[in-house]
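*Asks:* In UniProt numbering, the protein residues as written are 1 to 55.
Structure provided below as structure tokens; questions to follow.
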Amino acid sequence: MAIHTGLQLYNCPHCPKECRSRSNMYVHIKQRHADEWLRAKMARSHNPQFKPADV
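So this is what it looks like as structure tokens:
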């Protein structure tokens with residue numbers, strides 16, 4: 001368990017920030033790197049992995 005060992009498991013791809021939880025990293029990226037977060041979100045919405053026609 002990372003909480004008891006103090007390990008920082010999630011590294012920000014945009015800066016040296018490290019977090020223990022994925023949710024904390026998500027909040028960090030959304031707040032501190034809003035432009036990069038928005039670009040990634042738009043890229044995902046224009047290139048969806050799942051298509052309803054595939055069902």
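Idealized CB from N, CA, C, for every residue including glycine.
In this text, all values refer to a predicted model and were calculated from it rather than measured experimentally.
1) Taking the Cβ atom as the reference point for each residue, do residue 8 and residue 18 lie within a distance shorter than 7 Å?
2) Can you check which of these residues, 4, 28, 36, is closest to residue 11 by C-alpha distance?
3) CB-CB under 7 Å to residue 37, same chain, minus the five flanking residues each way: which ones, in chain order?
4) Whose C-alpha, out of 14, 43, 5, 39, is nearest the C-alpha of residue 20?
*Replies:* Taking the definition as stated:
1) Taking the sequence shown and counting its residues from 1, one reaches residue 8 at position 8. Taking the sequence shown and counting its residues from 1, one reaches residue 18 at position 18. Cβ atoms of residue 8 and residue 18: closer than 7 Å.
2) In the sequence shown, the residue the question calls residue 11 occupies position 11. Nearest C-alpha to residue 11: 28.
3) Here residue 37 refers to the residue found at position 37 of the sequence shown. These residues qualify, in order along the chain: 29, 30.
4) If you number the sequence shown from 1, residue 20 lands on position 20. Taking only the C-alpha atoms, the option nearest residue 20 is 5.
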